[in-house]
Amino acid sequence: MHRVSGKRGGDGLIIEMSPTDSFNDDGNGYPQHTSADNGSFQHDQAESSLPPEVFVDTCESLSGSLASLASSDHSNSPQRKGPALDRISTLTGLSRKRALFLMFRSRIDKQHQSKDSIFFRDGVRMIDFVLSYVEDKDDGRKQERRNVFEANLRNVGLELETEDKSESEDGKTYFVKIHAPWEALATYADVLKIKVPFMANDIPENREMSMGWLATPIRLPEDIMNPEPDYFTAPFDKNKSDFFLIDDKDHFFTPSTRNRIVYYILSRCSYFHDCDRDKIGIKRLLNNGTYTAAFPLHDCRYWKSSSSSNCDNERYKLYKHWARFLCFFKEQPINLIRKYYGEKIGLYFAWLGFYTEMLLFAAIVGTLCFVYGLMTYEENEWSKEICNENIGGNIVMCPLCDKKCGYWKLSKICNSSWQSHLFDNVGTVFFAIFMGIWVTLFLEFWKRRQARLEYDWDLVDFEEEQQRLQLRPEYETKCSERKLNVITQEMELIFNKTAPSFMAKLLICWLAVVFWITLIIACIVGVIAYRLAVYAAFASIMKDSATNQLHVVGPYITPQLATSVTASCINFVIIMILNLMYERVAIWITDLEIPKTHLEYENKLTVKMFLFQFVNYYSSCFYVAFFKGKFVGYPGNYAYFFGSWSNLRNEECDPGGCLIELTTQLVVVMTGKQVWGNIQEALVPWLMNWWGSRKARCHPESLYSRWEQDHDLQPFGQLGLFDEYLEMVIQFGFITLFVASFPLAPLLALFNNILEVRVDAWKLTTQFRRPVAAKAHCIGAWEEILNGMAVLSVVTNAFIVAFTSDMIPRLVFMYAYQPDGEMNMKGYINNSLSIFNITEFPTESRPESGENPSWFNSSITTCRYRDYRYPSGHEKEYTHTMQFWHILAAKLAFIIIMEHVVFIVKFVVARLISDVPSEVRARVKRERYLVQEYLHNYEVERLKMELQNRDDCTCTPMIYPTLPNHEVLSDRL
C-alpha cells in the first residue's frame, strides 16, 4: 500500500493507493497505467458531470497545470492549492479529494516520462510533428487562428495533444504534438504517390570488386550502409493496400515519410472560418507569429542511444559513424542519411562526397605540376638573368607610377620572378588541359552515380509523376482559373502570368537583379581605384621602410604585394557584406514571381543568387587576369582610369608578371571564403544553441522533454541546402576557371571539403532541428550551372595561359627570336623590354625630387619597360614591333587549338560514358514489368473473390475503410 500525503494548513490529508495503482514503463518513455488505474479513470469519468469526450479533453488540457502545481515548491501553500483544487473540481465535476489525486498522478507521470520519448502520453502514438507557440493575451486573433487551424487538422484526420506552458522550461511556451494515424497516412500517401515495397528485389547485385580488401579501413558496418532491404516498389494505392508488403502499419512508413506527409497537410490547411484562399498554411502562421516553430522530432539524443526498444537511434548512429571529424577517412552512410533526412539532403551529401573523391585526382596532378615547378627551379634561365647583377643589375626600369615612384633596377624583382616560375611553366599548360578533361569526367560520372541513386531511392519517375503534386501553396492560392491538361485530360489550376500586374512585378524583379549586379561592379571599380590611389603611397612609404632591412621577408614586402593583399582583403569584406544583403533581396524577388512548383522556385532563386555571386566573387579575379596591365600605354603616353584629369594611371602588372598577382588574389578570396564559411557554419549555430539553452541546463534531465530539446536547436533555414550548394559551386568555379594560375587550388579544395563534409554532418545532426523530409531526383539547376562553368573554364584557362602568363612570349622567342639560334632562353629578358628616352617624360609623370634612388644620376638617359615597341629615334618609334604581332598571333592560335582539342576530347568522353549504367536500366525495366504483372494478377484475383462473394454479400466490397469526416486538402484547394 502506497501512501501519498499532503497538508493544507493544519489539516492532514492522506490518500491511500493500492499496489495496483503503480506505474509500469513500457520503454516508450511514458508510464503505462494498469487496469486498476484505468478503472479509476473510468470511475472519475462516471463520477464527473461532463460528457465522456469533454471530460477526456478537459483532463488533457489540465494535465500541464496539474503537474506544474504538484511539482511546485509552493504547492503546499493553501493560497495556491485551495483555489486550484476548487477550479479543477469545478471544471471536471469531481470531488476535491479526487482532484488532488489527479494532481499527484500528473506529478508522477511527469517524473517518470523519459526525455527521449517521441510518443504521446499514452506511449503508443508516435509524434510526427510539433508546433510551438507563446500565448499572447492581447491578441485574440492569434488564438482564434490557432483554434481554427487545429480544428481543421483534426478534420483531415490528424491527432493532436497539447503540452501546457507550465510543462515547458520557460513557463511560457505551449507545444502541440501531432500524430498522423494510419488512415491519414494512407490517404495522403495515395495523394502524393509515395512509392512503397510490394516484393523483394530478385536481381542479384554484384558488389564484389577486385582488391576490395584495400577499402576495408574506410568501410562502415553493413547495417549502417544499408539500413533497409532492397525491394521493388510501386506508387501506394489506398484501395489496394493488401497488394503491398504491410507487416506493421505503425512502422510501414518511415519517420521521414511521415513528417513529409504531415508537413504537406500543414502547408495546405486553412486557419480562417471562411476558407479564404490566402489564409492557409503553417508558413503564414509562422510569419505572423501565431506559431513560433514547426518541426519534426529527432528520434534520440545524438551522443547517447535511447533506452527505448521502439527507437531506431538513427540520429545517434549518424553522429557516431558520420558526423564526427575522426571519421573523415570513412565512407558516408548515404542510405541512412536518406532514410533519416530524406532524399534531398541525401542527394546533397552524395554529390559532395563524389565531388570530394574526384578532387583527389585533380589534387594529385596539380601537386605534381607544382613539384615540377620546384624541380625545374634552377633551370629558370630568365630568372637567372634578372638576378644577375651584370644583366638585371644594369637594367634601369621606368617608374611604375607618376611622381611618387622612382627609377628602379630589374634585379629588384629577383625573388618574385622565382616565385612566378612555380606556377608559370610548361606543367601549367598541361594542367589546364587536364582540368578541362577532368571537369567532363566529373560531370559524366556524377550522372551515372545520380542515376543509380535515383533507382535505389525510387526517384526514377519522380519528375513526371510529382510535378503536379509539388505545387506550392503560395501558387495555388493565387490561381483563379482552370485549364485542361492535354496530357492527363484533367482540369488543373493555372495562374495568369500575362496580367499587367504580374508583368510589372517581373520587370521590378529583373531591374532589382540588374541593379545589384551593377552595384557589385561599382564596388569592384572602387577597389580598382583604391589600388591605383594607394600604390603610389605605398611606394613612397616603403622606399625607406624598416621592413627592407629584414633578411628573410624583407625582399618579399613590396608596394605591389602590399597593394594586392590589402585590396584583396577589402574586396573580400565587400563580398561578404553584399552577400548578406542580396540574399534577402533574392528571396523577396523570387516570391514576387510566384513560381508554380518547389523545384521551379529553387531554380529561379538559384539563377538569381548565382548570377550575383558569380559577379561578386569572380570579378576581381577576371580584372587581374584579363584587364590589369593590358591597357597601360607606354612611358610618355600612359592611359588613365578616369581620364588624365584623375591622375589615376592604369595599373601595371607586378614586375614579376600578372600571373603571380592572380595567384595571390585567388588564394586570398578562395581561402578566406572557405575559412569564414566553416567558422560561420559551425561556430555560430553552436554559440546560439549554447546561449538559447542556458536555462534548460539547470533542469533535471528527466524533465527536459524531446520536443523542448529540439525546440532549443536552430531551425533549418528557408533556403535549406541552397547555401551549401552555392558554397561548393563557387569553390568549383575557383578550381576550374582560374586553375591555370594556381595548380594547388584543387588540393586546398580537397582539404576544405574533407572538413566540410564533417562540419555539415555535425551541424545537421547536433545543432539543427530535424528538417522536413523532401524529395529531389537531381541536384536541380546546379547541374546546368556546373556544365556552363565547365565550358567557360576551358576558355578562361586558355586565355590565362595565352595572355596572363608569359608562356607564349617565351616560346615565340625560343623558336623564332633567339639571337644564337639555340633552343634556350638566353637573352629573353633583354628582348622582352623596350627602351624609352627619359628626356621625353612629361612633367606630370616625371618622378619628384627625392624619389629616385641614390644610384640614379644624369648619365642614365634611358629606361626599360615591358612591351614590344620600337625605341626613340626609330621611324616607327613607340609603335609595336613585328614580334608583338607574332606573339599575338601565337596567343590566338594557342587559344583556338587548346579550346578545340579540349572540347573534342570532352565530346568524345561524354559520348563514350553512358549517363545511366546498363545494370540500372535493366533493373528499371524489370521493376516496371513486375509492377504491371503483379497488378494484373492482383486485379484478376480480386475480381474472382468479388464474383465468389456476390451471392453472400450484395454490398460494395471495400479494401480500405473510408474517411467520411476527413477531407483531402489537395482536392479542396
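So the sequence shown is numbered by our numbering: it starts at 466 and just counts up by one.
Glycine included, every Cβ here is placed at the ideal spot set by N, Cα and C.
Compare the beta carbon distance of residue i and residue j with 8 Å and say whether it is the shorter of the two.
i: Leu623; j: Ala649; result: yes
i: Gly871; j: Asn1317; result: yes
i: Ala1032; j: Val990; result: no
i: Tyr1083; j: Gly1253; result: no
i: Arg1388; j: Ile689; result: no
i: Tyr1103; j: Val1097; result: yes
i: Asp764; j: Arg780; result: yes
i: Leu1209; j: Thr821; result: no
i: Val641; j: Leu596; result: yes
i: Lys809; j: Ala1246; result: no
i: Phe594; j: Ala759; result: yes
i: Ile1360; j: Phe1216; result: no
i: Ser876; j: Gly901; result: no
i: Tyr813; j: Glu1192; result: no
i: Tyr639; j: Ile730; result: no
i: Gly811; j: Arg725; result: no
i: Ile1054; j: Ala987; result: no
i: Trp911; j: Trp816; result: yes
Return the chain-ordered list of same chain residues with a C-beta closer than 7 Å to the C-beta of residue i, the five sequence neighbours on each side being excluded.
i: Gly838; result: His886, Leu887, Phe888, Asn890 and Gly892
i: Arg590; result: Phe584, Glu624 and His644
i: Thr1327; result: Ile1300, Phe1301, Asn1302 and Ile1303
i: Leu750; result: Arg610, Phe614, Tyr736 and Tyr756
i: Glu909; result: Val1374, Ala1375 and Ile1378
i: Lys1228; result: Glu1146, Ala1147 and Pro1150
i: Val1017; result: Here the model assigns Val1017 a pLDDT of 47, short of 50, so the residue's position is not dependable, and the following value carries that caveat. Taken in chain order, the list of residues that qualify is empty.
Alpha carbon to alpha carbon, how far is residue j from residue i? Give it in angstroms, no decimals.
i: Asp538; j: Glu634; result: Bear in mind that a pLDDT of 41 at Asp538, under 50, signals an unreliable position, so the number given afterwards is only what the model happens to contain. Cα to Cα, Asp538 sits roughly 15 Å from Glu634.
i: Asn1068; j: Pro694; result: 34 Å
i: Arg766; j: Lys785; result: 12 Å
i: Val661; j: Leu1408; result: 23 Å
i: Glu1404; j: Leu710; result: 16 Å
i: Gly1142; j: Phe1077; result: 18 Å
i: Gly636; j: Pro1236; result: 26 Å
i: Thr905; j: Ser1258; result: 11 Å
i: Asp601; j: Leu1178; result: 23 Å
i: Thr841; j: Ile851; result: 17 Å
i: Ala1355; j: Phe1278; result: 11 Å
i: Gly1101; j: Phe1368; result: 44 Å
i: Leu783; j: Ala1239; result: 19 Å
i: His1401; j: Phe718; result: 25 Å
i: Asn1115; j: Asn1036; result: 19 Å
i: Ser631; j: Ala616; result: 23 Å
i: Gln510; j: Glu946; result: Unreliable placement is indicated for Gln510, whose pLDDT of 46 sits below 50; the coordinate value is still reported in the next sentence. Cα to Cα, the separation comes out at about 52 Å.
i: Gly794; j: Gly754; result: Per the sequence shown, residue 794 should be read as Phe rather than Gly. Each residue's alpha carbon lies about 44 Å from the other.
i: Met1288; j: Phe1207; result: 27 Å
Might you give, ordered along the chain, the residues of its own chain that have their beta carbon closer than 6 Å to the beta carbon of residue i, omitting 5 neighbours on each side?
i: Pro1060; result: Tyr1066 and Lys1069
i: Ile973; result: none
i: Ser1029; result: Glu1126 and Thr1129
i: Met1135; result: Phe1199
i: Ala1205; result: Thr893, Ala897, Asn1262, Ile1265 and Val1266
i: Gly1094; result: Glu1117, Cys1118 and Cys1123
With DSSP as the reference, identify every bridge partner of residue i, one or two as the case may be.
i: Asn1302; result: Thr1327
i: Phe1106; result: Gly1108
i: Ile745; result: Ser735
i: Arg1334; result: His1345
i: Ser597; result: Phe640 and Ala758
i: Tyr1099; result: Asn1102
i: Pro700; result: Lys660
Enumerate in chain order the residues of its own chain whose CB-to-CB distance from residue i is below 8 Å, with the five nearest sequence positions on each side excluded.
i: Val1396; result: Phe663, Phe697 and Ala699
i: Val1366; result: Ile898
With a cut-off of 8 Å, does the C-beta of residue i fall near any C-beta of chain B?
i: Pro1312; result: In the structure shown, chain B cannot be found, because there is only a single protein chain.
Whole beta strand (DSSP E) runs in the segment 1026-1079 with 3 or more residues, listed along the chain? The qualifying runs do not exist here; there are none.
Hey, which unbroken runs of the alpha helix (DSSP H) at 4 residues or more fall wholly within the segment 770-829? Fully enclosed alpha helix (DSSP H) runs of 4 or longer: 779-783 and 799-806.
Along the chain, which unbroken stretches of the alpha helix (DSSP H) at least 4 residues long are found entirely within the segment 866-921? The alpha helix (DSSP H) runs lying completely inside the segment 866-921 and spanning 4 residues or more are 879-888 and 891-921, given in chain order.
Where in the segment 605-638 do unbroken runs of the beta strand (DSSP E), each at least 3 residues long, occur, reported from the N-terminal end onward? You should have 624-628.
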